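Everything below concerns the one structure shown next.
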C-alpha cells in the first residue's frame, strides 16, 4: 500500500487515496550517459544501484509493511534505553536531519547512557554518488531520496515546488550540495530577542568550531583565493568531526574576481565569516574532506568513528510511527513519554524510553511525529480522530524557507566550468572519472560553488521597502508575526546586515520555465557562470500538517512562498543588483563573454517588474525549511522552550531545523550542526 499526493486539481486538504501497490513492476528508466560511466567505473553488488529508479516506492512514499508481529523491544539490552533519537518517520524530510546522529554521538560519550537511534533510511556511505562531491545530483529520485513537493504556490504561478530529501543514514547531509557557511550574527542574536535566552551568536559560535575542522591554506594561495586580507581565520580553534575544504581549484579565477568585485563597492569580508559574519563576499567552504576529496557528513564524521560503542545502537530501515505517553495525574504532574512505536522489517515494534525521546526528523516530519502522537492543534487532531495529549497549536506552523533563483551568463571560452558534466557528455564524464579515480582530482571533486556573499538591500530599494514595511505591519492580535516583522525591519534597513545571499556556480542551471515561453528547458551548449540570489530573511510563513491519522500518508506542505509582499520586493531588488554587478564590475566581467549573453533571454532584467516576473517563474526552494516546531515562548505559538523541551511534556525534545524559529541567513547545514552540538550539551546538563 502507498500514500499518494493529492492531484493539483484538488486545492483543499484531502487525504491522499490509499491504493494497492501490487501489479506489474514499472519499467526502469534507461541509464543516462553519466550513470553508464559510473556503473562501469565502480564495482558494485548490483548495477541497478546506480539507475534512476522512478518506482512507486521512491516517488510516492513507502509501502506500509505487512504486519507479521508486534514485539516490545529491539534487542536484549535495549529494554532500558536512556534516550531514543527519532531521526526519521515514514517520509524523511530534508532539513535538520543530520542533527540526530550529532546528538546520539554526544550523548553516548557517557558510557552509563544507552542511546538508540531510529532511522528509516539505510547507510549509503559506500555509494559513489554519496562519496563523490559532484555526483550529488545523481541521487535525486533514487533509493537515497524521497521526493516531496509543496502544495501549489499562488505567488509562484501556481507551481508545486519540489524538495528532494535524503532517505539515508545522515539524512540530507548525505545528498546535499556541500555548501558550508555560517549565518549572520544578527540572525542568531534574533533568536534570543524572540524570547530564547542564551540562544545568541556568542553562545552558538563555539559550537560551530566544535562541529567542523577548518582547512589549512598555503600562504602563497591566499591572494588568488581572495582571503589574503582576512585578519583572522577559524582554523586554530575549529577541529570538529566534519572535514571542510575550499572546493575546486584553489587558483580558479572566479575567487579573486569575486573578492575584487565586492571590494570595489566596500563589501569585502574582513575576516573568516565563522568568526562573526555580517556582510561581504568570501570564498566559501564545502563539507568535502580535503585529503580524500569525498563528502564529509553526519554518518562518516559522527557515527562511523564510534559505531562500535556498546551503549549506542543505530537501527536503519526503522520507521517511527508515534510516541506513547503516560498522561498527567495527581502523582505525575506532567505528561511523560514512555515508549516509541516503529516499524522495521515488516514488524511493528515498541521500545521503552527510560529518560528522553529526542525528535530529529526535520522541519516536515518532526511536526508529523508530534501530531500523530497527539501533540498539536486540538481541532486538527480531533478532525483525524487522534486523542489529544497536549494542545499545542504552534505545531506545524511558522514554516519558513529560503527562495532562490539564478541568472546564467555565458563565460569566456577558456574559463573552467562544469557545463560538460551538466550536459552529461560521455567523454567529459569519462575523463573526469578517470582523474578522480587515479589522483582524486578534477571536476568531480566539487559541485562548482566556490564563492558566496552576504549583501544588504541596495540603496535604491529602501524607500519603497519602508513603505511596504509600514503598510504590512501586523497588528497586536498577531504577536509572533509582529515580532518577526520588527526584527526583520531592523535587519532589512541595516547596511551592515544581509538581506540576500549570493553565490557563484561554475555551470549553467535550469530553473523552472513557463510552458511556451521559449526559455531553454534543459542544458544548452557553451560555458556559463551562474549567479544565484537567495532571500535571507523571509517574512512569509507557511505550515506543514498531517492530513490523516495514517502514518503512511504524506503531510501537506505549504510554505506560502512570497505571500508577504516584502519578500518579493527584497529578492527582486537583489536580482536587479546581480545585473548591476555583472555589467559594472571589470574583475567579474573579464570572465564573461562580451557582450553579455544570458543563458535565458527572460533573465535580462531591466526593471523591478521584469525581476518580479522572472522570480515568480523561476523561484524555487533552497531546501532549507525551518521553524515548524519553533523554539519560542508558548504564548507566541512556540512548540519547544529554550532547552528544546516540548511544552507540557516532561521528556520529549525536538533537535533539528524545525526548532529554529528564523531560518539561517545562508545554507542551513553548518547552522544545524552547531545547533545540535549545543542541544546535546543542554540535554546532558539535565541528566
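Numbering (our numbering), first residue to last: -3 to 683.
Where is the CB? At the ideal position from N, CA and C, for every residue including glycine.
Computed from a predicted model, the values in this text were never measured in an experiment.
Distance, residue 368 Cα to residue 535 Cα: As a working mapping, residue 535 is identified with position 539 in the chain shown. As a working mapping, residue 368 is identified with position 372 in the chain shown. Whole-angstrom Cα-Cα distance: 28 Å.
For residue 332 and residue 373, the rounded distance between their alpha carbons: Residue numbering aside, residue 373 sits at position 377 when the chain shown is read from its first letter. Residue numbering aside, residue 332 sits at position 336 when the chain shown is read from its first letter. Going from the Cα of residue 373 to the Cα of residue 332 covers about 19 Å.
Closest by C-alpha distance to residue 663, when choosing among 148, 531, 122: Start at 1 with the first residue of the chain shown, and residue 663 comes out as number 667. Answer by Cα proximity: 531.
Proximity below 7 Å, CB of residue 618 to CB of residue 398: Taking the first residue of the chain shown as position 1, residue 618 is located at position 622. Taking the first residue of the chain shown as position 1, residue 398 is located at position 402. In this structure, residue 618 sits near residue 398, with a CB-CB distance shorter than 7 Å.
Residues near residue 263 by beta carbon distance below 8 Å, same chain, minus five either side: Here residue 263 refers to the residue found at position 267 when the chain shown is read from its first residue. Around residue 263: 275, 276, 277, 449, 451.
Cross-strand partners of residue 348 (DSSP beta bridge): Numbered from 1 along the chain shown, position 352 holds the residue referred to as residue 348. As computed with DSSP, residue 348 is found in a beta bridge with 335.
Reduced DSSP category for residue 459 - H, G, I as helix; E, B as strand; rest coil: On the chain shown, residue 459 is found 463 positions in, with the first residue counted as 1. Helix.
Under the three-state DSSP convention, the category residue 565 falls into: On the chain shown, position 569 is the one that residue 565 refers to. Looking at residue 565 - three-state DSSP - the assignment turns out to be helix.
Run of the alpha helix (DSSP H) containing residue 487, from where it starts to where it stops: Translated into the one-based positions of the chain shown, residue 487 becomes position 491. Counting along the chain, the alpha helix (DSSP H) containing residue 487 begins and ends at 475 to 488.
Residue(s) in a DSSP beta bridge with residue 371: Within the chain shown, numbered from 1, the residue matching residue 371 stands at position 375. Looking at the DSSP assignment, residue 371 forms a beta bridge with 386.
Proximity to residue 573 [Cα-Cα], best of 82, 529, 553: Position 577 of the chain shown, counted from the first residue, corresponds to residue 573. With distances taken between CA atoms, residue 573 lies nearest to 529 out of 82, 529, 553.
Cβ pair residue 558, residue 495 closer than 7 Å: Your numbering for residue 558 matches position 562 in the chain shown. Your numbering for residue 495 matches position 499 in the chain shown. Against a cut-off of 7 Å, the Cβ pair of residue 495 and residue 558 comes out as no contact.
Inter-stretch contact (C-beta, 8 Å, three-pair minimum) for the region 642 to 649 and the region 385 to 397: yes
Check: residue 319 C-beta below 6 Å from any heavy atom of the ligand MG: Judged by which ligands are present, the structure shown has none, so any question about the ligand MG falls away.
Contacts around residue 581, its chain only, beta-carbon distance under 6 Å, and the 5 residues preceding and following it disregarded: Within the chain shown, the letter at position 585 stands for residue 581. Closer than 6 Å at the Cβ level, and outside the excluded window around residue 581, lie 257.
The region 434 to 446 / the region 234 to 244 touching (three or more Cβ pairs under 8 Å): The region 434 to 446, when compared against the region 234 to 244, does touch it at the 8 Å Cβ threshold.
Run of the alpha helix (DSSP H) containing residue 683, from where it starts to where it stops: As a first step, residue 683 must be located in the chain shown, where it is residue number 687. It is not in any alpha helix (DSSP H) - residue 683 carries neither H nor E in the DSSP assignment.
Residues bridged to residue 399 (per DSSP): The sequence position of residue 399 within the chain shown is 403, counting from 1. Answer by DSSP bridge pairing, in chain order: 617.
Enclosing alpha helix (DSSP H) for residue 198 [first to last residue]: Start at 1 with the first residue of the chain shown, and residue 198 comes out as number 202. 197 to 207 is the span of the alpha helix (DSSP H), which, as asked, contains residue 198.
Assigned secondary structure, residue 155 (DSSP; H/G/I helix, E/B strand, else coil): Translated into positions along the chain shown, residue 155 becomes position 159. If DSSP states are grouped into helix, strand and coil, residue 155 belongs with the strands.
At least 3 beta-carbon pairs within less than 8 Å: the region 399 to 407 vs the region 377 to 386: no
Euclidean distance between Cα positions of residue 225 and residue 434: Taking the chain shown and counting its residues from 1, one reaches residue 225 at position 229. Taking the chain shown and counting its residues from 1, one reaches residue 434 at position 438. Approximately 35 Å between the Cα atoms of the pair.
Proximity below 7 Å, CB of residue 508 to CB of residue 307: Here residue 508 corresponds to residue number 512 of the chain shown, with the count starting at 1. Here residue 307 corresponds to residue number 311 of the chain shown, with the count starting at 1. No, the Cβ-Cβ distance between residue 508 and residue 307 is not below 7 Å.
Pair within 7 Å by beta-carbon distance, residue 538 and residue 550: Stepping through the chain shown from its first residue, residue 538 is reached at position 542. Stepping through the chain shown from its first residue, residue 550 is reached at position 554. No, the Cβ-Cβ distance between residue 538 and residue 550 is not below 7 Å.
Reference residue 142; option with closest CA among 150, 218, 160, 671: As a working mapping, residue 142 is identified with position 146 in the chain shown. Measuring from the Cα of residue 142, the nearest candidate turns out to be 160.
Cβ distance (whole Å) where residue 654 is taken to contact residue 363 below 8 Å: Position 658 of the chain shown, counted from the start, is the residue given in the question as residue 654. Position 367 of the chain shown, counted from the start, is the residue given in the question as residue 363. For a cut-off of 8 Å, the C-beta gap from residue 654 to residue 363 is around 7 Å, short enough to register as a contact.
Three CB pairs or more closer than 8 Å across the region 299 to 315 and the region 115 to 134: yes
6 Å CB neighbourhood of residue 615 in its chain, flanking five on each side removed: For the purposes of this step, residue 615 is taken as the residue at position 619 of the chain shown. Closer than 6 Å at the Cβ level, and outside the excluded window around residue 615, lie 152, 399, 401.
Residue 598 to residue 584 span [Cα, whole Å]: The sequence position of residue 598 within the chain shown is 602, counting from 1. The sequence position of residue 584 within the chain shown is 588, counting from 1. Going from the Cα of residue 598 to the Cα of residue 584 covers about 22 Å.
Status (buried if at least 16 other CB within 10 Å, exposed otherwise) for residue 661: For the purposes of this step, residue 661 is taken as residue 665 along the chain shown, with counting starting at 1. Here residue 661 is buried, its C-beta having at least 16 other C-beta atoms within 10 Å.
Distance between residue 393 and residue 477 (C-alpha atoms, nearest Å): As a working note, residue 477 is residue 481 in the chain shown. As a working note, residue 393 is residue 397 in the chain shown. Looking at the two C-alpha atoms, the distance is approximately 12 Å.
Simplified DSSP state of residue 163, which is helix, strand or coil: As a working mapping, residue 163 is identified with position 167 in the chain shown. Three-state DSSP puts residue 163 in coil, outside helix and strand.
Residue 380 in three-state terms, based on DSSP: Within the chain shown, the letter at position 384 stands for residue 380. DSSP places residue 380 in coil when its eight states are reduced to three.
Residue 296 vs residue 121 beta-carbon contact at 7 Å: In the chain shown, residue 296 corresponds to position 300, counting from 1. In the chain shown, residue 121 corresponds to position 125, counting from 1. In contact: residue 296 and residue 121 (Cβ atoms closer than 7 Å).
C-alpha gap between residue 139 and residue 171, whole angstroms: Sequence index remark: in the chain shown, residue 139 carries index 143 (1-based). Sequence index remark: in the chain shown, residue 171 carries index 175 (1-based). Their Cα atoms are separated by approximately 11 Å.
C-beta atoms of residue 459 and residue 470 nearer than 7 Å: Translated into positions along the chain shown, residue 459 becomes position 463. Translated into positions along the chain shown, residue 470 becomes position 474. No, the pair does not count as a contact, with Cβ atoms beyond the cut-off.
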